[in-house]
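Following: one structure in structure tokens, then a few remarks.
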Amino acid sequence: MIMIQIKMNDYTFTCETENVGKRIDKVLSEQELPLTRSALQKLIESGDVLVNGKAQSKNYKLRAGDEVTLTIPEPKELEAVPQDIPVEIVYEDNSLLVVNKPKGMVVHPAAGNADGTLVNALLYHCKGRLSSINGVIRPGIVHRIDKNTSGLLMVAKTDDAHNFLASQIKAHTFTREYRAVVCGSIRQVQGTINAPIGRDKRDRKKMCVTYENSKEAITHYELLEQYKNYAYMKFILETGRTHQIRVHCAYKGHPVLGDDVYGRPFKGIDGQCLHAKKIGFIHPDTGEYMEFDSELPEYFKNVLKRIEV
């Protein structure tokens with residue numbers, strides 16, 4: 069299948085044999101388009117993708133000869149406002165920056181968190197120069213970490229950098245290493261959790277291990293220190309699903325300490341004891357591999373001191 073750009077923001081293609089029966093969002097995500105799969109799904113839902121002149125759902129399965137047209141709307145004016153909020157910049161150049169997000173800071177505006185987020189801080193720091201790939205609420209955000217997860221996060225300033233970095237995440241060549249304290253005793257010193265993750269039917273705000281409407285999720289782990297009732301762990305993500313480490317740990321019966329969604333609260337800290345310690349990627353401009361490491365934050369060190377007793 070060949071996708072042809074007919075105008076600045078318009079594309080078209082005809083479905084051929086190799087794509088018959090495949091979901092339209094999956095096929096589009098495999099093309100050389102300046103959009104992530106989630107962004108494509110939003111365009112499908114908003115009617116900017118037509119099949120034979122008609123709007124379809126994102127799970128529409130293509131048929132032989134289907135004529136698909138895609139229109140990428142002009143970027144909307146940013147709605148998130150710049151705010152002078154201190155943020156720790158680990159690295160910065162003309163294409164990207166690496167930040168060390170504190171525990172308790174939300175990454176981007178959402179219901180209940182309209183401002184005071186990392187995006188608000190970045191808009192101020194970068195004077196609005198962030199990639200537009202993820203829209204007006206998540207400018208520059210290539211990947212996310214949860215509100216109560218601390219640590220390193222990569223941010224794109226340009227659309228080209230965003231697409232290049234996102235392609236590494238998709239290809240599983242992007243390094244993401246975490247530290248966590250989990251509950252219980254770990255019998256196997258190291259291993260891999262390979263269990264698909266999808267939305268929990270009983271609670272749509274939660275994720276769970278399921279084989280229905282799920283995506284592949286792979287987490288590699290290593291035991292760093294075993295304490296009486298807790299374990300200090302290293303995790304390396306091969307995939308990056310929502311809440312992946314937290315869900316996989318709970319699935320194995322060892323929820324992350326303090327996780328009030330998949331485990332139970334822990335006195336003295338808000339939310340899970342989980343830190344994004346290291347990230348590594350190929351720079352979109354130089355082609356060189358770059359890696360950044362961060363120290364454990366004070367809250368994490370204090371937890372380790374408490375569980376040593």
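Using our numbering, read the sequence shown as starting at 69 and increasing by one per residue.
All C-beta atoms in this analysis are idealised placements derived from N, C-alpha and C, irrespective of residue type, glycine included.
Rounded C-alpha distance that separates residue i from residue j
| i | j | result |
| --- | --- | --- |
| Leu138 | Tyr79 | 5 Å |
| Met358 | Gly348 | 5 Å |
| Leu164 | Lys90 | 35 Å |
| Tyr246 | Ala344 | 4 Å |
| Asp116 | Arg197 | 26 Å |
| Gln124 | Cys83 | 15 Å |
| His288 | Ala107 | 28 Å |
| Tyr159 | Leu186 | 16 Å |
| Ile254 | Gly321 | 10 Å |
| Pro264 | Met275 | 10 Å |
| Thr307 | Ile286 | 6 Å |
| Ile39 | Gly172 | Nothing in the structure corresponds to residue 39, since the chain is present only between 69 and 377. |
| Leu220 | Ile313 | 16 Å |
| Gly339 | Val210 | 23 Å |
| Arg374 | Glu363 | 18 Å |
Cβ-Cβ distance between residue i and residue j below 9 Å
| i | j | result |
| --- | --- | --- |
| Ile350 | Thr241 | yes |
| Lys283 | Arg244 | no |
| Thr85 | Ala234 | no |
| Pro323 | Val250 | yes |
| Ala318 | Gly331 | yes |
| Cys341 | Phe303 | no |
| Ile261 | His316 | yes |
| Ile92 | Lys129 | yes |
Where the alpha helix (DSSP H) containing residue i begins and where it ends
| i | result |
| --- | --- |
| Leu96 | 92-97 |
| Asn168 | Careful: Asn168 lies outside any alpha helix (DSSP H), inside the beta strand (DSSP E) at 164-169. |
| Gln151 | No alpha helix (DSSP H) holds Gln151; DSSP gives it neither H nor E. |
| Cys317 | 312-319 |
Own chain partners of residue i with C-beta closer than 6 Å, once the 5 adjacent residues on each side are dropped
| i | result |
| --- | --- |
| Gly266 | Thr278, Asn281, Ser282 |
| Leu372 | none |
| Phe334 | Leu325, Gly326 |
| Ile201 | Asp227, His230 |
Integer Cβ distance of residue i from residue j, believed to fall under 8 Å
| i | j | result |
| --- | --- | --- |
| Pro223 | Leu190 | Pro is not the amino acid found at residue 223; the sequence shown has Val there. Yes, they are in contact, since the Cβ atoms of Val223 and Leu190 sit about 6 Å apart, within 8 Å. |
| Thr149 | His193 | Note on residue identity: the sequence assigns Val, not Thr, to residue 149. At roughly 13 Å, the Cβ-Cβ gap does not stay under 8 Å, so Val149 and His193 are not in contact. |
| Met301 | Ala229 | The pair is not a contact, with the Cβ atoms about 32 Å apart (cut-off 8 Å). |
Sequence-distant residues of the same chain with beta carbon closer than 8 Å to residue i, five excluded per side
| i | result |
| --- | --- |
| Lys225 | Asn162, Ser163, Leu164, Leu165, Cys194, Arg197, Leu198, Ser199, Gly208 |
| Phe360 | Val158, Tyr159, Val166, Leu220, Lys346, Ile347, Gly348 |
Residue range of the unbroken beta strand (DSSP E) whose run includes residue i
| i | result |
| --- | --- |
| Glu306 | Element bounds for Glu306: n/a, residue is neither H nor E. |
| Ala189 | Where Ala189 is concerned, there is no enclosing beta strand (DSSP E), although the alpha helix (DSSP H) it sits in stretches over 186-193. |
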